[in-house]
Amino acid sequence: MTTTEKNLASGPGWQVSDVICTASAGDRPFEEQHRCFCVAAVTRGTFRYRTRQGTAMLAPGAVLLGNPGACYECGHEHGAGDRCLSFHFSPAYMERVIADVPGAKRLGFAGPRLPPLPALASLLAQAEAARETGDGEALEELGLRIAGAVVGATPGSSRVASAPSRRDQKRVAEAVRLIELNAERPLSLTELADGTATSPFHFLRTFRHVAGMTPYQFLLRTRLHRAAVRLRASNEAISTIAFDAGFNDLSTFNRRFKREMGEVPSAYRARRVRGIRRFTEPL
32 MTTTEKNLAS GPGWQVSDVI CTASAGDRPF EEQHRCFCVA AVTRGTFRYR TRQGTAMLAP
92 GAVLLGNPGA CYECGHEHGA GDRCLSFHFS PAYMERVIAD VPGAKRLGFA GPRLPPLPAL
152 ASLLAQAEAA RETGDGEALE ELGLRIAGAV VGATPGSSRV ASAPSRRDQK RVAEAVRLIE
212 LNAERPLSLT ELADGTATSP FHFLRTFRHV AGMTPYQFLL RTRLHRAAVR LRASNEAIST
272 IAFDAGFNDL STFNRRFKRE MGEVPSAYRA RRVRGIRRFT EPL
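Position 160 of the sequence shown, counting from 1, maps to 191 under this note's numbering, and the rest follow consecutively.
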């Protein structure tokens, strides 16, 4: 086999895979079939993609589009190997996404790919970074955002969205409370949406509109804030604080803490210690 596929994260109706192909120009392409909707971001290499929607040359930054049951071939006449971050969605999952994208009416992709688009650039970069750091929690939310962005970028979709209703605002407030009460444990986007009786995509869009950030960003900041308070208020081991806050490993905690707070946890705590010494030293 010239293709390997590693499951990075999955949930009801969705899956994210890291797909690496080592085929070269001398390898004959063979026919495959999409099991569900496929939105695959090309992150390395080039290849020719042929399906019933048409034929396209894909390069880094482009997005491969596949419909359930559609047969396809990938060829490497112009170069060897490629790598894709592949998001798979069930028809029921995509129906919920389309229902919440203003102007979107069609279930199914009319074309074989989307070219590199500014609207997708940031999301795809975040998704690739999450792949490299093993951040499965981020991939669930990013996959949903990418699905919505792809649906919105296809012909026939508009970008006009209504303001969130008071009921939606109440739902976001309930979700915020749920995150605050359970920030130390894994919280999936599906669980948060189920708690507000809305679809994941509608919940994500509403939460961003009302709170000014995504649910995962709010969860992450809640964890980091609580860790920062404990770093200043106690002498507990940094690893203990990190694990209690909901981080699976110390390196991830250190990296995210520095990004949010501007310095690593040990330096953040050291400033507290220096401050105590300054105020307790005799004049």
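Positions of the beta carbon are idealized from the N, C-alpha and C atoms, including for glycine. Quick caveat, the model's predicted, so the values are computed rather than measured.
For residue i, count neighbouring Cβ atoms within 10 angstroms of its own Cβ and tell me buried if that reaches 16, exposed if not.
| i | result |
| --- | --- |
| Q46 | buried |
| P296 | buried |
| M125 | buried |
| A13 | The chain is shown from 32 up to 314; residue 13 falls before or after that span and cannot be answered. |
| R263 | exposed |
| D58 | exposed |
| C105 | buried |
| C102 | exposed |
| T86 | exposed |
| A130 | exposed |
| P231 | buried |
| S48 | buried |
| R144 | buried |
In three-state DSSP terms, what is residue i?
| i | result |
| --- | --- |
| V260 | helix |
| M244 | coil |
| V132 | coil |
| H233 | helix |
| F238 | helix |
| E267 | coil |
| A180 | helix |
| E62 | coil |
| S219 | coil |
| T185 | coil |
Just how far apart, CA to CA, sit residue i and residue j?
| i | j | result |
| --- | --- | --- |
| L155 | T74 | 9 Å |
| H107 | R114 | 12 Å |
| L116 | L138 | 22 Å |
| E168 | R302 | 31 Å |
| M244 | R176 | 13 Å |
| N38 | E215 | 24 Å |
| A141 | G76 | 24 Å |
| R197 | T229 | 14 Å |
| L95 | H233 | 24 Å |
| R308 | A298 | Residue confidence for R308 is low, a pLDDT of 47 falling below 50, so the modelled location carries little weight and cannot support an answer. |
| S265 | F288 | 17 Å |
| L235 | A56 | 42 Å |
| F120 | R66 | 9 Å |
| Q157 | E163 | 10 Å |
| F278 | F284 | 6 Å |
| A178 | L218 | 20 Å |
| R127 | E267 | 45 Å |
| R81 | L148 | 21 Å |
| T237 | D199 | 7 Å |
| F61 | A72 | 21 Å |
| A206 | P122 | 26 Å |
| V241 | P195 | 7 Å |
| S188 | G134 | Legend: pLDDT at S188 = 48, less than 50; position of this residue unreliable, value from coordinates given subsequently. When rounded, the distance between both Cα atoms is 4 Å. |
| A184 | P43 | 25 Å |
| V260 | T253 | 11 Å |
Name the DSSP bridge partner or partners of residue i?
| i | result |
| --- | --- |
| D113 | C52, G76 |
| E104 | R81 |
| T35 | I51 |
| L89 | F78 |
| L40 | Residue identity check: residue 40 is Ala in the sequence provided, not Leu. Per DSSP, V47. |
| R144 | L95 |
| V70 | L96, F118 |
**Item:** Uninterrupted alpha helix (DSSP H) stretches inside the segment 271-297 (no shorter than 4 residues)
**Value:** List check, alpha helix (DSSP H) in window: 281-292.
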